[in-house]
């Protein structure tokens, strides 16, 4: 079954609203094994909406529209659907009662304008909205089944699961198994080249890669679980510790699992990353089990006071140096009872760089309570403040990950 | 001028990547007064991409494509552009040199596969990529000018500004003045109601609002600067300290300006926000002038050891309490020589909530070196870990901002 998503709303075309609905629906369709062939985004404009729905119903068997079901003049979805189905809009008495009850239960006055939300093309089904006022619409146009859902994400998600997912499940044959393998510390083209011989061994398995935030994800899909498992095992054998994890794993959650398994704790001490490493670690719920806490030592005064970095080190080698990173990492272990520490010091930019110490230079140190200290120097280039900080965070967490795997 | 955006990549259709490029480009096009008539999302599929580019070049004068310029087999944009322009792909020697240098500078081996990225349809322009390996492509197809940019957001943004924005500026007629007024601590519909009388006074000025991360932005556009200034002055008079700032101001940069003006410094001490406040403050370049540093005290042990929060307070009132927030804020001032401190303690979720202390409960305390302490209680609801942490960060920074304005 092929599907198309149409998002509507002027706010999507002016950039004032980020469309997260399409991504959410796309994920659900993937889980439900429905092929999504493309997506359209159109404004609150009759002609464009008409064009998009017409194109979609000619190309796909399932069309999902979000938005344009509200009570205001720029909500056009119901009108365009009626036009394309050659039918009249009629008032759905059940939907009207549901809308009236929605207002009554909240002690709010229903204004006349809201009545329009009970208007449905003749021959279509009204879909009850359990969390809002606008019912959805299910209608056949040509060979396609069209679901029109509200644009409010919480309403759309509930109604997708109630109506669209159920409709799909009744029509789907065999189960497809999926596996994601997340890799780190390798470029995408290099990874693909290295895996070529393995990929050739399993021509029947769908294989693709995506890159995001320094992590390359290998996506596998096939209807035989054993083949996916064999493929995965060959890949992990080839890539070793380049493999970060699988499926829902993230760099943050993998470090959490490794620390929990060792019953050890972590402290962070950040200069140029300014708290981003601590923030990334605490993105994982339950981080309090292994994350003692962190220091953001922006000033040299705090580096000395809280971490005991010697003034001599700061003067002789500078704030951004191997020696300072090392002293910060050791100092954080001494100042707390944590087992492991990560320290960063560098030049995030856009200013502050020199010929010897350019923007993008970052020293990352790892220390532990058994006197291990290791420092790495990174040159991320002048890629913009946000990017330098993100790359330094990923590099630091991956540096720690390798120690947690090894020791 | 009418425009269309085409995003490409299987990862967008499987839902594994959220498309933020389209939203960013849509915002920039709005700023540049270019009408965006619709957007297409297609996978790494020759036929679909061909269809989308053909449709777009027939409907718009400007077509922006993101993605599909990489070195792997599923990167098809260059091939489809050549096909539509009826031209051959030729190796662009300048681009090849740039790609070779990119690898040489990073001490990495350029593999043969990367050569493909220097292939450009004959008659097209290669667009240097200052932050990655894939050059962009500018090509005429029918009546349209097509810009193909990389899908990596940092590369796409730099190249949009370098090439697309410049190309648009050369073609736009009268100068339009724009003003953004950022507001905080008010809902969008409430704000619009309050401003209705002022908006009626200036019917000729384009007026719109957008909401993002707790900040409502009023966007004004008109070809007379004096009228914009008069409108702005009326709005700031009406809204007072709800106005956060203008144009490029952010909550982070505004706090920086206020602290610099006062020649004062800030320390943060975070529990539930886990470093996000420190990260947000250090998003602003030059934060070292006023940001001493921060503590992320996830464990109670560190709250006692580093901030001197009394064990009694933690036991009697709990980690998430008004008393603990207050002690953290005071403790951070004592532990450093900073003038101001912000402290957060709360339950970010998704687990850990109780009936008395539900997920979303956050206490935020402000203290200064003149013995001021103020605590506010917030109930953000069970909106998901990320949202609770973001809202708490915004609330904390706005709480501090009001003190920096007043005192």
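Chains as they are written, first to last, in our numbering: chain P, 1 to 407; chain W, 1 to 407. Beta carbons are placed, not taken as given, at the ideal position from N, Cα and C, and that holds for glycine. Just so we're clear, the structure is a prediction, and the values are computed from it rather than from any experiment.
Residue environment, residue i, which counts as buried when at least 16 other CB atoms sit within 10 Å
| i | result |
| --- | --- |
| residue 283 of chain P | buried |
| residue 94 of chain W | exposed |
| residue 97 of chain P | exposed |
| residue 351 of chain W | exposed |
| residue 143 of chain W | exposed |
| residue 154 of chain P | exposed |
| residue 279 of chain P | buried |
| residue 167 of chain W | exposed |
| residue 88 of chain P | exposed |
| residue 375 of chain P | buried |
| residue 48 of chain P | buried |
| residue 13 of chain W | buried |
| residue 460 of chain W | Residue coverage of chain W in this structure runs from 1 to 407, which leaves residue 460 of chain W outside it and unanswerable. |
Short CB-CB distance (under 8 angstroms) between residue i and chain P
| i | result |
| --- | --- |
| residue 263 of chain W | no |
| residue 48 of chain W | yes |
| residue 285 of chain W | yes |
| residue 122 of chain W | no |
| residue 385 of chain W | yes |
| residue 233 of chain W | no |
| residue 191 of chain W | no |
| residue 293 of chain W | yes |
| residue 382 of chain W | no |
Any C-beta of chain W under 8 angstroms from that of residue i
| i | result |
| --- | --- |
| residue 185 of chain P | no |
| residue 320 of chain P | no |
| residue 212 of chain P | yes |
| residue 58 of chain P | no |
| residue 84 of chain P | no |
| residue 339 of chain P | no |
| residue 198 of chain P | no |
| residue 255 of chain P | no |
| residue 20 of chain P | yes |
| residue 15 of chain P | yes |
| residue 36 of chain P | yes |
| residue 42 of chain P | yes |
| residue 298 of chain P | yes |
| residue 309 of chain P | no |
| residue 155 of chain P | no |
| residue 350 of chain P | yes |
| residue 288 of chain P | yes |
| residue 67 of chain P | no |
| residue 107 of chain P | no |
| residue 26 of chain P | yes |
In DSSP terms, what residue i is bridged to
| i | result |
| --- | --- |
| residue 349 of chain W | Paired residues: none, contrary to the question. |
| residue 412 of chain W | The structure shown does not extend to residue 412 of chain W, since chain W spans only 1 to 407, so no value can be given for it. |
| residue 103 of chain P | None, per the DSSP bridge assignment. |
| residue 145 of chain W | W:62, W:140 |
| residue 394 of chain P | Paired residues: none, contrary to the question. |
| residue 183 of chain W | W:216, W:243 |
C-alpha distance - residue i paired with residue j, whole-angstrom precision
| i | j | result |
| --- | --- | --- |
| residue 92 of chain W | residue 170 of chain P | 53 angstroms |
| residue 315 of chain W | residue 308 of chain W | 14 angstroms |
| residue 30 of chain P | residue 317 of chain P | 53 angstroms |
| residue 237 of chain W | residue 243 of chain W | 9 angstroms |
| residue 370 of chain W | residue 24 of chain W | 44 angstroms |
| residue 404 of chain W | residue 338 of chain W | 14 angstroms |
| residue 51 of chain P | residue 59 of chain W | 12 angstroms |
| residue 46 of chain P | residue 40 of chain P | 14 angstroms |
| residue 336 of chain W | residue 385 of chain W | 30 angstroms |
| residue 287 of chain W | residue 201 of chain P | 54 angstroms |
| residue 16 of chain P | residue 125 of chain W | 32 angstroms |
| residue 206 of chain W | residue 230 of chain W | 14 angstroms |
| residue 145 of chain P | residue 70 of chain W | 36 angstroms |
| residue 121 of chain P | residue 85 of chain P | 8 angstroms |
| residue 322 of chain W | residue 365 of chain W | 8 angstroms |
| residue 218 of chain P | residue 18 of chain W | 17 angstroms |
Between the region 258 to 265 of chain P and the region 242 to 255 of chain W, do at least 3 Cβ pairs fall closer than 8 angstroms? Verdict: no, contact absent.
For the structure I just gave you, are there three or more beta carbon pairs, one from the region 321 to 341 of chain W and one from the region 299 to 308 of chain W, closer than 8 angstroms? With the cut-off at 8 angstroms, the region 321 to 341 of chain W and the region 299 to 308 of chain W touch.
When you compare the region 3 to 20 of chain W with the region 63 to 78 of chain W, are there three or more beta-carbon pairs, one atom per stretch, that lie closer than 8 angstroms? Contact check between the region 3 to 20 of chain W and the region 63 to 78 of chain W: three or more CB pairs, one atom from each, fall below 8 angstroms, which counts as touching.
Would you call the region 126 to 134 of chain P and the region 159 to 166 of chain P in contact, with 3 or more CB pairs under 8 angstroms? yes
Across the region 183 to 193 of chain P and the region 101 to 113 of chain P, are there enough close Cβ pairs to call them in contact, namely three or more that are closer than 8 angstroms? no
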